[in-house]
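> Mapping the sequence shown onto my numbering, position 233 (from 1) lands on 580, and the numbers just tick up by one. First the structure, then my questions, so here it is.
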Amino acid sequence: MADRDYIDGLAALIAERAARRAEPGAFLVGVTGGVAAGKSTLARRVADTLAAGGAPVEIVATDGFLKPNAVLEPAGLGKKKGFPETYDTAAFHAFLADLASGRRAEIPVYSHVTYDIVPGEARAVDGAGVVIVEGINVLQTPQARERFGLSVYLDADPADAKAWYLARLHGIIAADPTSFFASMEPDQRDALFESAWTHLNLVNLREYIAPTAAFADVVVRKGPDHAIVALEAPTPP
């Protein structure tokens with residue numbers, strides 16, 4: 348199958364389940380997987396396909412529920428960003444509950460340029476249509492999992508994900524010389540990126556993110572060129 352066929356199939360499955368849903372409120376789709384696995388790209392491609400068919404759809408990234416650096420640093424969590432304890436889980440649960448009940452909800456805005464929550468900014472999301480919620484923590488709690496009408500785990504070889512992660516960071520620097528890492532010396536920056544992958548992202552993947560694949564309705568497997576190679580039901584734990 349071609350990559351496009353997998354996207355079309357996933358979009359069709361979402362549309363079918365959303366059409367069968369009897370409850371009011373938004374139909375929530377969870378998309379999770381490791382850092383740099385391509386969650387936002389997958390969410391955007393599926394959303395574009397749904398929108399082309401006339402479905403109202405929005406995408407939300409759970410980065411907005413990360414606690415601000417001003418909270419993480421005093422608690423000694425600045426170097427563990429992305430681990431479960433660095434998210435405002437209660438706010439995330441409340442956000443999902445509001446959308447599932449048909450209420451408008453707000454999410455804080457996170458900047459990958461400043462690597463922090465943007466003070467005083469929030470995005471409003473209507474509790475209607477399809478809302479795709481993507482992030483590494485999407486399926487980590489029972490309270491979140493029960494809100495999703497369909498959940499997707501995006502699986503990639505960690506070595507491939509590391510290469511994509513490094514490329515993404517260097518892309519951010521090239522695109523914006525005022526970004527968080529741009530002022531650092533290249534050797535210092537590269538050492539920091541390597542350490543962040545090995546001691547933060549890879550540990551988080553193995554201990555907290557990868558185990559949630561067992562809760563997904565669909566596992567999307569990717570090859571080293573970012574192409575989708577399979578859609579599968581997860582293996583029970």
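Ideal Cβ positions, reconstructed from N, Cα and C, are used throughout, including at glycine.
1) Using a Cβ-based criterion (distance less than 6 Å to any ligand heavy atom), does residue 412 qualify as near the ligand ZN?
2) Can you give the Cα-Cα distance for residue 590 and residue 532, rounded to whole angstroms?
3) Measure the alpha-carbon distance for residue 528 versus residue 536 and round it to whole angstroms.
4) Starting from residue 577, trace the beta strand (DSSP E) both ways and give me its first and last residue.
5) Where residue 585 and residue 483 are concerned, what is the direct C-alpha to C-alpha distance, given to the nearest angstrom?
6) To which residues of the same chain is residue 386 closer than 6 Å at the C-beta, ignoring the five residues directly before and after it?
7) Straight-line CA distance for residue 353 to residue 395?
8) If I'm right that residue 357 touches residue 565 with Cβ under 8 Å, what's the distance once you round it to whole angstroms?
9) Can you look up residue 501 in the DSSP assignment and give me helix, strand or coil?
10) Quick one: Cα of residue 350 to Cα of residue 488, how far?
11) Report yes if the C-beta distance between residue 579 and residue 478 is below 7 Å; otherwise report no.
12) Might you give, ordered along the chain, the residues of its own chain that have their beta carbon closer than 6 Å to the beta carbon of residue 430, omitting 5 neighbours on each side?
13) To the nearest angstrom, how far is the alpha carbon of residue 435 from that of residue 363?
14) If you follow the alpha helix (DSSP H) that residue 344 is in, where does it begin and where does it stop?
15) Helix, strand or coil, according to DSSP, for residue 451 in the structure here?
16) Nearest-angstrom Cα distance between residue 543 and residue 427?
17) Helix or strand or just coil, what does DSSP make of residue 488?
18) Leaving out five residues on either side along the sequence, give the residues of the same chain with a beta carbon under 7 Å from the beta carbon of residue 486.
19) So what does DSSP say about residue 569, is it helix, strand or coil?
20) Tell me, to the nearest whole angstrom, how far the beta carbon of residue 469 is from that of residue 456; I am working on the premise that it is less than 8 Å.
21) Compute the Euclidean distance between the alpha carbons of residue 449 and residue 569, then round it to the nearest angstrom.
22) Counting C-beta neighbours from all protein chains within 10 Å, is the total for residue 545 16 or more, i.e. buried, or is it exposed?
23) Quick one: using the 10 Å Cβ neighbour count with 16 as the cut-off for buried, is residue 452 buried or exposed?
24) Between 524, 420, 444, 516, which lies nearest to residue 539 when the distance is taken from Cα to Cα?
According to the structure shown:
1) Questions concerning the ligand ZN fall outside what the structure shown contains, since it holds no ligand whatsoever.
2) Nothing in the structure corresponds to residue 590, since the chain is present only between 348 and 584.
3) Walking along the sequence shown from the start, residue 528 turns up at place 181. Walking along the sequence shown from the start, residue 536 turns up at place 189. Roughly 7 Å between the two C-alpha positions.
4) The residue labelled residue 577 in the question sits at position 230 within the sequence shown. Unbroken beta strand (DSSP E) run through residue 577: 575–579.
5) The structure shown has nothing for residue 585, since the chain only spans 348 to 584.
6) Your numbering for residue 386 matches position 39 in the sequence shown. Closer than 6 Å at the Cβ level, and outside the excluded window around residue 386, lie 378, 380, 481, 501.
7) The residue labelled residue 353 in the question sits at position 6 within the sequence shown. The residue labelled residue 395 in the question sits at position 48 within the sequence shown. Each residue's Cα considered, the two are about 14 Å apart.
8) Walking along the sequence shown from the start, residue 357 turns up at place 10. Walking along the sequence shown from the start, residue 565 turns up at place 218. Contact check for residue 357 and residue 565: beta-carbon distance about 7 Å, within the 8 Å limit, so the pair qualifies.
9) Along the sequence shown, one-based indexing puts residue 501 at 154. Looking at residue 501 - three-state DSSP - the assignment turns out to be strand.
10) In the sequence shown, the residue the question calls residue 350 occupies position 3. In the sequence shown, the residue the question calls residue 488 occupies position 141. The alpha-carbon atoms of residue 350 and residue 488 are separated by roughly 31 Å.
11) Locating residue 579 in the sequence shown gives position 232, where the first residue counts as 1. Locating residue 478 in the sequence shown gives position 131, where the first residue counts as 1. No, the Cβ-Cβ distance between residue 579 and residue 478 is not below 7 Å.
12) For the purposes of this step, residue 430 is identified with residue 83 of the sequence shown, where counting begins at 1. Result list for residue 430: 551, in chain order.
13) By one-based count along the sequence shown, residue 435 stands at place 88. By one-based count along the sequence shown, residue 363 stands at place 16. Taking the straight line joining both Cα atoms gives about 32 Å.
14) Residue numbering for the chain in the displayed model covers 348 to 584; residue 344 lies beyond these limits and cannot be assessed.
15) Position 104 of the sequence shown, counted from the first residue, corresponds to residue 451. Note: residue 451 maps to coil in three-state DSSP.
16) Residue mapping note: residue 543 aligns to position 196 of the sequence shown, counting from 1. Residue mapping note: residue 427 aligns to position 80 of the sequence shown, counting from 1. For residue 543 and residue 427, the distance between alpha carbons rounds to 9 Å.
17) Residue mapping note: residue 488 aligns to position 141 of the sequence shown, counting from 1. Residue 488: coil per DSSP, three-state reduction.
18) Taking the sequence shown and counting its residues from 1, the one referred to as residue 486 is at position 139. Within the same chain, residue 486 has close Cβ partners 377, 379, 492, 498, 559, 562, 563.
19) Numbered from 1 along the sequence shown, position 222 holds the residue referred to as residue 569. Under the three-state reduction of DSSP output, residue 569 falls in the strand class.
20) As a first step, residue 469 is located in the sequence shown; it is residue number 122 there, counting from the start. As a first step, residue 456 is located in the sequence shown; it is residue number 109 there, counting from the start. That belief holds up - the Cβ atoms of residue 469 and residue 456 are roughly 6 Å apart, short of 8 Å.
21) For this step, residue 449 is matched to residue 102 along the sequence shown. For this step, residue 569 is matched to residue 222 along the sequence shown. Computed Cα separation, rounded: 34 Å.
22) Within the sequence shown, numbered from 1, the residue matching residue 545 stands at position 198. Residue 545 comes out exposed.
23) What you label residue 452 is simply residue 105 of the sequence shown in a count that begins at 1. Answer is buried; the Cβ neighbour count reaches 16.
24) Mapped onto the sequence shown, residue 539 falls at position 192. Nearest in C-alpha terms to residue 539, of all of 524, 420, 444, 516, is 516.
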